[in-house]
Amino acid sequence: MEYILIKTLEAMATFILAFLVGMTYGGVVRKITGRVHNRLGPPWYQNFIDAFKLFSKTRGIHHGAMHFLGAAFLMVTSVVSLMIIPVLAPGGHAWYNSWFTNMNFNGDLIFLLYIMTFGPLGMAMGAGQTGNPNSSIGVTRGLSQMVGFEIPWVMALVALMISYKTTSVIDFMNIQRETGTWLMFANPFAFIAAVLAMLGMFRYSPFDIVGAPTELASGPVSENGGKFLFTMMSSGSVFTFAKLVLYVDLFMGGANNLVMLVVKTFLLYMIPVLYGIVSPRYRTEQAVRWFWGWPTFIGLLAILYAVMF
Amino acid sequence: MYNDKNSKKIVETIQNWARSHSVWVLAYGTGCGAIEIAPTMTSRYDAERLGFRGAATPRQADVMLITGYLTVKTVKRVVRVYEQMQSPKYVVGFGSCTINGGMYYDSYNTINLLDKYLPVDVYINGCMPRPEAVIAGLAKLQQIIREGKANGAEKYLENLDWYKANQRKIAPKWIAKAPDYNW
Chain P
1 MEYILIKTLE
11 AMATFILAFL
21 VGMTYGGVVR
31 KITGRVHNRL
41 GPPWYQNFID
51 AFKLFSKTRG
61 IHHGAMHFLG
71 AAFLMVTSVV
81 SLMIIPVLAP
91 GGHAWYNSWF
101 TNMNFNGDLI
111 FLLYIMTFGP
121 LGMAMGAGQT
131 GNPNSSIGVT
141 RGLSQMVGFE
151 IPWVMALVAL
161 MISYKTTSVI
171 DFMNIQRETG
181 TWLMFANPFA
191 FIAAVLAMLG
201 MFRYSPFDIV
211 GAPTELASGP
221 VSENGGKFLF
231 TMMSSGSVFT
241 FAKLVLYVDL
251 FMGGANNLVM
261 LVVKTFLLYM
271 IPVLYGIVSP
281 RYRTEQAVRW
291 FWGWPTFIGL
301 LAILYAVMF
Chain R
310 MYNDKNSKKI
320 VETIQNWARS
330 HSVWVLAYGT
340 GCGAIEIAPT
350 MTSRYDAERL
360 GFRGAATPRQ
370 ADVMLITGYL
380 TVKTVKRVVR
390 VYEQMQSPKY
400 VVGFGSCTIN
410 GGMYYDSYNT
420 INLLDKYLPV
430 DVYINGCMPR
440 PEAVIAGLAK
450 LQQIIREGKA
460 NGAEKYLENL
470 DWYKANQRKI
480 APKWIAKAPD
490 YNW
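For the record, the sequence lines run as chains P and R. Letter by letter, the first sequence follows residues 1 to 309 in the numbering used here. Letter by letter, the second sequence follows residues 310 to 492 in the numbering used here.
Written as structure tokens, this is what we have:
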């Protein structure tokens, strides 16, 4: 009983950390975008104010049961992937290190591959119920794009699995600690393929074809206001953080303390953000063709590299 | 403890503060005033630093900006968009046309006073109002939201018959068989 209580508290600590860091990153990204546009930009805590305002909307209409499931699936996806991914390396020095390795198990990488596509599928159901044509187009585009970037992403992960004959994220972190080499240097092709897939995963320009401002009117979320949007916004922030932590765990050796975690995830996050600020938008077929071009080729190289060496 | 008057007042103060600092604007750009929105939002005047941000759809928006004249045809759409927004919601009348018809005051198919059809919270005068005036008007809106006086949505629901009668006068056929949508 005591064990379960402690585990629950640890999970809550992880969630609060992910929420705070994810929302802050969202605000910082808006600030950086503003500075690149030669504007002052909103304050870094603007996302918290937005979320609180959305939560305190007094009206929120819905379009049926499936509409609720869209937001619920997104929430489940973000929380479950956060619980599976070990946020800090378990053998670190800081006293709070054991808090942040929640429910990881052998084979969690395969489970993560599945659960990370679960949220968009739920969104597809919810968006279909709203009956808004923009939502349906956005969902179609989102699933096409997912087909695009999943291939280099899976290839990168398969290359790692072949090299080290394990499917546990904790094992990858331990291997990097023992050998002293980050996997981004041990198998550079896998890292490059994964980073190129990340550009699509975070949906910044030029791959913002799902939300597509001024074109699709925010796509799948266009019929969601108030508390629905709050749920999606906060789960999106948590999910962003979870994905960044997964990248850091797999390729950058994980983090031993919270400061290193924030530094590493922020540096990694800046790749899609800064590339996105200065890019226009691709069309759907251009995006898919882009992902099936060089990223997939580099993913193939990663697998060959893993098999040969 | 959680439901007594003072606690509710404190919660409402915090909520109103958040509402005033996070205003998502749905620019209904039918008139010429829409040309002033772009400089207001971009690097010269940068309204985003004050918490304003463009909203993509009526469901996500807090403020509807009516930028200029409204013809009988567009009033129908404006009413429909307004009813789709989620309260608390506000309307800002932009330019002279929404106050007295402006240069279209004697036109056969434009409305003269927007307040007869939708509850307007703030008017921004001018033809066209410059971005400074727009930001001043939005700051005024922020102020009345913070004071809790921006209750246009309640006013609309309380006086629904009066508003609907006015709308029916200018678009008799449309209001009678209004499309089926939920607010």
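Even for Gly, the Cβ is constructed at its ideal location relative to N, Cα and C. Remember, predicted model here, so these are calculated numbers, not experimental data.
Just curious, the beta strand (DSSP E) that residue i is in, first and last residue?
{"i": "tryptophan 333/R", "result": "332 to 337"}
{"i": "valine 431/R", "result": "431 to 433"}
In terms of residues, what are the limits of the alpha helix (DSSP H) holding residue i?
{"i": "methionine 373/R", "result": "Unbroken run through methionine 373/R is the beta strand (DSSP E), 372 to 376; no alpha helix (DSSP H)."}
{"i": "proline 367/R", "result": "Counting along the chain, proline 367/R falls outside any alpha helix (DSSP H), and DSSP gives it neither H nor E."}
{"i": "valine 76/P", "result": "65 to 84"}
{"i": "proline 295/P", "result": "294 to 308"}
{"i": "lysine 449/R", "result": "440 to 455"}
{"i": "isoleucine 209/P", "result": "Taken as a continuous stretch (DSSP letters only), isoleucine 209/P belongs to no alpha helix (DSSP H), as it is neither H nor E."}
{"i": "tryptophan 290/P", "result": "284 to 291"}
{"i": "isoleucine 175/P", "result": "169 to 179"}
{"i": "valine 262/P", "result": "258 to 277"}
{"i": "phenylalanine 118/P", "result": "118 to 130"}
Is residue i close to chain P, meaning its C-beta is less than 9 Å from at least one C-beta of that chain?
{"i": "tryptophan 471/R", "result": "no"}
{"i": "serine 416/R", "result": "no"}
{"i": "glycine 457/R", "result": "no"}
{"i": "threonine 366/R", "result": "yes"}
{"i": "proline 440/R", "result": "no"}
{"i": "isoleucine 323/R", "result": "yes"}
{"i": "glutamate 467/R", "result": "no"}
{"i": "alanine 339/R", "result": "It should be noted that the sequence gives threonine, not alanine, for residue 339/R. No - not a single Cβ of chain P is within 9 Å of the one on threonine 339/R."}
{"i": "glycine 410/R", "result": "no"}
{"i": "alanine 480/R", "result": "no"}
{"i": "aspartate 355/R", "result": "yes"}
{"i": "aspartate 371/R", "result": "yes"}
{"i": "glycine 360/R", "result": "yes"}
Which residue or residues does DSSP assign as beta-bridge partners of residue i?
{"i": "tyrosine 399/R", "result": "Val372/R"}
{"i": "threonine 419/R", "result": "Thr380/R"}
{"i": "phenylalanine 361/R", "result": "Val332/R"}
Is the distance from the Cβ of residue i to the Cβ of residue j below 9 Å?
{"i": "tyrosine 275/P", "j": "isoleucine 209/P", "result": "no"}
{"i": "threonine 181/P", "j": "phenylalanine 172/P", "result": "no"}
{"i": "valine 334/R", "j": "isoleucine 375/R", "result": "no"}
{"i": "asparagine 106/P", "j": "proline 86/P", "result": "no"}
{"i": "tyrosine 378/R", "j": "threonine 407/R", "result": "yes"}
{"i": "methionine 125/P", "j": "phenylalanine 202/P", "result": "no"}
{"i": "alanine 212/P", "j": "arginine 141/P", "result": "yes"}
{"i": "isoleucine 277/P", "j": "threonine 33/P", "result": "yes"}
{"i": "phenylalanine 68/P", "j": "serine 234/P", "result": "no"}
My output table needs one value for residue i: the three-state DSSP class, helix, strand or coil.
{"i": "aspartate 249/P", "result": "helix"}
{"i": "arginine 30/P", "result": "helix"}
{"i": "alanine 480/R", "result": "coil"}
{"i": "serine 237/P", "result": "helix"}
{"i": "aspartate 50/P", "result": "helix"}
{"i": "methionine 1/P", "result": "coil"}
{"i": "serine 163/P", "result": "helix"}
{"i": "glutamate 223/P", "result": "coil"}
{"i": "serine 135/P", "result": "helix"}
{"i": "alanine 347/R", "result": "helix"}
{"i": "cysteine 436/R", "result": "coil"}
{"i": "threonine 214/P", "result": "coil"}
{"i": "serine 352/R", "result": "coil"}
{"i": "aspartate 424/R", "result": "helix"}
{"i": "phenylalanine 105/P", "result": "coil"}
{"i": "tryptophan 182/P", "result": "coil"}
{"i": "isoleucine 319/R", "result": "helix"}
{"i": "glycine 410/R", "result": "coil"}
{"i": "phenylalanine 202/P", "result": "coil"}
{"i": "aspartate 470/R", "result": "helix"}
{"i": "arginine 39/P", "result": "coil"}
{"i": "asparagine 475/R", "result": "helix"}
Measure from the C-beta of residue i to each C-beta in chain R and report whether the shortest distance is under 9 Å.
{"i": "threonine 58/P", "result": "yes"}
{"i": "phenylalanine 239/P", "result": "no"}
{"i": "leucine 160/P", "result": "no"}
{"i": "histidine 37/P", "result": "yes"}
{"i": "glutamine 46/P", "result": "yes"}
{"i": "aspartate 50/P", "result": "yes"}
{"i": "alanine 242/P", "result": "no"}
{"i": "isoleucine 61/P", "result": "yes"}
{"i": "alanine 287/P", "result": "no"}
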